[in-house]
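In UniProt numbering, the protein residues as written are 1 to 353.
Glycine included, every Cβ here is placed at the ideal spot set by N, Cα and C.
Owing to the predicted nature of the structure, the values given are computational and were not obtained by experimental measurement.
Contents: one structure, followed by commentary.
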Amino acid sequence: MLGLFTKKANTLLGIDISSTSVKLLELSRSGSRYRVEAYAVEPLPPNAVVEKNIAELEGVGEALARVLSKAKTGARSVAVAVAGSAVITKTIEMEAGLSDDELENQLKIEADQYIPYPLEEVAIDFEVQGLARTPERVEVLLAACRKENVEVREAALALAGLTAKVVDVEAYALERAYSLLDAQLGGSHDELTVAIVDIGATMTTLSVLHNGRTIYTREQLFGGRQLTEEIQRRYGLSTEEAGLAKKQGGLPDDYDSEVLQPFKEAVVQQVSRSLQFFFAAGQFNDVDYILLAGGTASIPDLDRLIQQKIGTQTLVANPFADMALSSRVNAGALASDAPALMIACGLAMRSFD
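What follows is the structure, given as structure tokens:
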């Protein structure tokens, strides 16, 4: 090992806590090429996380401990994310030339204009985006989130001996991972308008990116759990059995036509409806690509059906297409989990900021 892919001492594990599982990813980098050092996915107990809020701390902590031992990584520092719906973001203009400390003090004075919670209850962060319309002003992105959303994640990680070094926002983690998809999008995502549809277990999030920046997000309650529940109901299985059967197959012959196909049609309707909301909101009436992410994206031929019905080129997102893999990583498992690992991937990339 020539130390080509240097693992920095400050490696951050990207950990995505979703409503049904915790996903862990560790990356290293050599030049501009990444390598997957470790990854694992561990299911969560039912209702441990409800609509992206941690409801059962111990259950999540135990799942985190299991995912950590599965991944066999020595890293203990973590980048984790809160859901976009938990965060208020606002772009405001500030005086140019202020230091970070001065900006922070100024923002704290002005923040109560923008944030509907008492300031002692919120965690605030900011990032200078660039010059405003006049050279003596800069545009600053202000992000605020209730402290409890951050603290409960830190507490769950602490139960597994992990420390949150970075708390990000899911939409920004997704945007960071999206920067890896150039090859999938024919070379460059500049100038493109791309809809990423992240279909989780209970929530579908549409993020539209233009020139690589998020310009629109919308969450709606719809997800793969509907398919799991239909399998349970129809074939008399437990939640665990239905979830496994959904992934591994072995269901009766009528499954494809009677259960899977109607679910795929429902996904197409959701994607179409989400896009209609986006088009109604403003300056776009078309997108160049639809990218599918989340666990449900792995359903065979779902991309083809969406492309056929909506008429927009549709791909399943794979942020690892150009990455090297450590010998510990099972390539086949990683490929099938890839679309569900977009947020974990964007979080792991925080190691290289």
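Following the DSSP letters along the chain, one finds residue 283 in no alpha helix (DSSP H), marked with neither H nor E.
In this structure residue 22 is in contact with residue 64, their Cβ atoms being roughly 6 Å apart against a cut-off of 8 Å. At a Cβ-Cβ threshold of 8 Å, residue 59 and residue 48 count as neighbours.
Separation of the CB atoms of residue 144 and residue 122 is rounded to 5 Å, and the pair is thereby assigned contact status at 8 Å. When the five nearest sequence neighbours on each side are left out, the beta carbons in the same chain lying within less than 7 Å of the beta carbon of residue 277 are those of 218, in order along the chain.
Distance from the Cα of residue 263 is smallest, within the candidate group 220, 203 and 299, for 299. Judged by pairs of C-beta atoms under 8 Å, the segment 231-238 does not touch the segment 95-102, as fewer than three such pairs exist.
In this structure residue 57 touches residue 156 by the C-beta definition: roughly 6 Å separates them, less than 8 Å.
DSSP places residue 167 in the uninterrupted beta strand (DSSP E) bounded by 163-169. By the C-beta criterion, the segment 285-300 is judged to be in contact with the segment 340-350, since at least 3 inter-stretch pairs fall below 8 Å. Taking a contact as a CB-CB distance under 8 Å, the pair residue 186 and residue 200 does not count as one, their CB atoms being some 27 Å apart. Cβ contact annotation for residue 125 (same chain, cutoff 6 Å, sequence separation greater than five): 143, in chain order. A Cβ-Cβ contact shorter than 8 Å links residue 322 with residue 183.
Less than 8 Å separates the beta-carbon of residue 292 from that of residue 314. Rounded to the nearest whole angstrom, the CA to CA distance from residue 288 to residue 215 is 14 Å.
Taking 4 residues as the shortest admissible run, the segment 216-259 contains the following complete alpha helix (DSSP H) segments, listed from N- to C-terminal end: 225-235 and 239-248. In its chain, beyond the 5 residues on either side, 318 and 320 have a beta carbon closer than 8 Å to the beta carbon of residue 335.
Going by beta carbons, residue 11 and residue 78 fall outside the 8 Å limit.
Assigned with DSSP and collapsed to three states, residue 130 falls in strand.
Going by beta carbons, residue 39 and residue 25 fall inside the 8 Å limit.
For residue 60, the uninterrupted alpha helix (DSSP H) run begins and ends at 57-71, by DSSP.
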